[in-house]
Amino acid sequence: MNGNYIKPFISDNVSCSLYLGRNAGERIKNYIRNAKKSIKIFSPYFSGELIDLLLEKTESVKDIKLISSFKISDLYNPMNSNLLRKIILQKRHVDEDSVNKRKSLYYFTMAIAIILVLYIIVSAVLLSTKNINLFTSTPLIYFLLAIIILFLRKKIISTRIYTYTYYTPFFVKFINDDGIFLHYKLYIIDDSYAFLGSLNFTSSGFFKNYESCITISDENIVKALSEYFEYIANSQINEIDISSLGHRLYNEPIN
Numbered sequence: 012m013n014g015n016y017i018k019p020f021i022s023d024n025v026s027c028s029l030y031l032g033r034n035a036g037e038r039i040k041n042y043i044r045n046a047k048k049s050i051k052i053f054s055p056y057f058s059g060e061l062i063d064l065l066l067e068k069t070e071s072v073k074d075i076k077l078i079s080s081f082k083i084s085d086l087y088n089p090m091n092s093n094l095l096r097k098i099i100l101q102k103r104h105v106d107e108d109s110v111n112k113r114k115s116l117y118y119f120t121m122a123i124a125i126i127l128v129l130y131i132i133v134s135a136v137l138l139s140t141k142n143i144n145l146f147t148s149t150p151l152i153y154f155l156l157a158i159i160i161l162f163l164r165k166k167i168i169s170t171r172i173y174t175y176t177y178y179t180p181f182f183v184k185f186i187n188d189d190g191i192f193l194h195y196k197l198y199i200i201d202d203s204y205a206f207l208g209s210l211n212f213t214s215s216g217f218f219k220n221y222e223s224c225i226t227i228s229d230e231n232i233v234k235a236l237s238e239y240f241e242y243i244a245n246s247q248i249n250e251i252d253i254s255s256l257g258h259r260l261y262n263e264p265i266n
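Residue numbers for the sequence shown, in this note's numbering: 12 to 266.
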């Protein structure tokens, strides 16, 4: 594979069955529900209902793969962002050393604040009883304590205790469609049945739109399609890093 090139898949004399009309994805959905070993899906678009179906199958099917096209600009659509959060998950890690450091800074700041409060109280008492004004006689102490408190507060606020990593509940590969738009709709179940056609992995594509769907059960053809799917899955062409999407999808408070 060179540049943006992906080799074509060519096969002649394929035995298949053809469906045209609404609910073209009903059969695929049933096969996914009954999958035992593997589910491989290539679709440029997907929707929440069908992603939920894949999430349900993660308990019983170990080999689930989804390949899809993607535009970074799609992240700015709240509906897309919410959908992506179903399959890009955030894990928060706590740095215990930083936690202890932040606690120490907090306690030290509280101690300085207490000293400052006591200084103010003593100054007020001396001013009312002996007419001694500590603020004018020793202003440096007051301002020094105040500056220390502000400095420590800034350190507390800026101390990072959380870092974040991102993962997917099953294999997910996003291909940036800037320059290469893979428009395949391919579904392979248990490496025994393959479905191709016009229908995207969406509720509208599966159930509402008038779509086409071809079913193939020929062992050799399904095997070849599965190998072609893996060829794309293992390529790095225009691949979008899942972590880079996660950083854009989620808030990442530092503490």
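Glycine included, each C-beta is placed from N, C-alpha and C at the ideal position.
None of these values were measured; they are calculated from a predicted model.
For residue i, which three-state DSSP category applies?
i      : result
His258 : helix
Arg103 : strand
Ile39  : helix
Ser71  : coil
Lys184 : strand
Glu263 : coil
Thr170 : coil
Ile98  : coil
Lys82  : coil
Phe192 : coil
Among the options, which residue has its Cα nearest to the Cα of residue i?
i      : options                : result
Arg103 : Ser255, Tyr177, Phe218 : Tyr177
Ile152 : Thr179, Ala124, Lys234 : Ala124
Roughly how many angstroms lie between the CA atoms of residue i and residue j, to the nearest whole one?
i      : j      : result
Tyr198 : Leu65  : 12 Å
Lys47  : Tyr239 : 21 Å
Val25  : Ile78  : 24 Å
Leu236 : Ser49  : 14 Å
Ile265 : Ile172 : 6 Å
Lys97  : Ser246 : 24 Å
Ala122 : Tyr130 : 12 Å
Ser28  : Tyr204 : 11 Å
Asp252 : Leu127 : 51 Å
Leu61  : Glu67  : 10 Å
At least 3 beta-carbon pairs within less than 8 Å: the region 74 to 92 vs the region 151 to 160: Verdict: no, contact absent.
Within the region 197 to 248, ranges of the beta strand (DSSP E) (whole runs, at least 3 residues): Counting only runs of 3 or more residues that sit fully inside the region 197 to 248, the beta strand (DSSP E) segments are 197 to 200, 204 to 208, 222 to 227, in chain order.
At least 3 beta-carbon pairs within less than 8 Å: the region 186 to 194 vs the region 40 to 59: Touching, per the Cβ criterion.
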